[in-house]
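Here the sequence shown stands for residues 17 to 203, where the numbers follow the numbering used here.
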Amino acid sequence: SGVIAAAWRPPTGHQLAVIRPTLGGTESTLTILDDSTTASTELPVDGALQVDWSADGSAWLAFEDGTVFGGRPDLPVAHRVVGLGTPLALDPSGSTIAGRDVTSGDLSFAPLNGPASVALPTTPLDPSSRLDFSPDGRWLAGARHLNGAWDIVAWPAGRPQDVIAVTADAALAADPAWSPSGDRVLF
């Protein structure tokens with residue numbers, strides 16, 4: 017019960033993530049509810065939050081003030097990954113997190129069930145923008161700042177050096193998302 021400050025539902029609609037503020041306090045609770053089993057996971061949170069889901073809705077990812085939490089049915093508790101910052105994305109299989117390394121700004125990958133991350137040097141990503149895996153998990157799209165302009169770029173997952181500019185104009189471009197078929201990047 018209580019007030020719900022924000023809610024997210026995955027594409028499959030079988031789970032729900034909600035934030036419930038604590039009355040009179042500064043902390044809130046992130047609750048991940050599974051509609052089919054009535055199981056839930058609760059985490060205390062106290063900052064801005066971003067939630068993402070795997071394509072099948074079984075895995076979730078939440079980012080709050082420099083800490084990434086993630087979970088899947090085969091993990092006994094929510095897992096914490098340190099060192100990744102926004103933008104973040106969860107691959108369609110729910111096994112790998114892509115995000116910006118908070119120290120270097122480079123694109124990094126980390127397994128959802130382990131703390132180690134691997135940084136891949138890349139053009140710095142816009143921390144306020146969205147990072148998105150293609151539906152098949154083979155490509156990533158993001159926003160970058162280069163030569164005084166913000167543009168949408170895409171690259172094969174794991175090979176940011178093979179980046180392709182999707183936009184190359186003076187307009188501000190941010191928050192890319194792949195079409196359901198994976199043949200276009202929308203922004």
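We treat Cβ as the ideally placed atom computed from N, Cα and C, and that holds for glycine.
Since we're looking at a predicted model, the values are computed, not measured.
- When the five nearest sequence neighbours on each side are left out, the beta carbons in the same chain lying within less than 8 Å of the beta carbon of Pro-196 are those of Pro-151, in order along the chain.
- A direct Cα-to-Cα measurement between Ser-124 and Asp-117 gives close to 6 Å.
- Ranked by how close their Cα comes to the Cα of Ser-109, the residues Asp-68, Arg-146, Ser-120 and Gly-121 have Asp-68 in first place.
- Between Leu-128 and Gly-115, the CB-CB gap reaches or exceeds 7 Å.
- Ranking Pro-37, Asp-50, Val-179 and Trp-171 by CA distance to the CA of Pro-26 puts Asp-50 first.
- In this structure, Thr-183 sits near Ala-189, with a CB-CB distance shorter than 7 Å.
- Check the Cα spacing between Leu-156 and each of Ile-113, Ser-44 and Thr-57: the tightest is with Ile-113.
- For the options Gly-174, Thr-54, Ala-23 and Asp-148, the alpha carbon positioned closest to that of Gly-198 is the one of Asp-148.
- Taken through DSSP and simplified to helix, strand or coil, Asp-152 comes out as coil.
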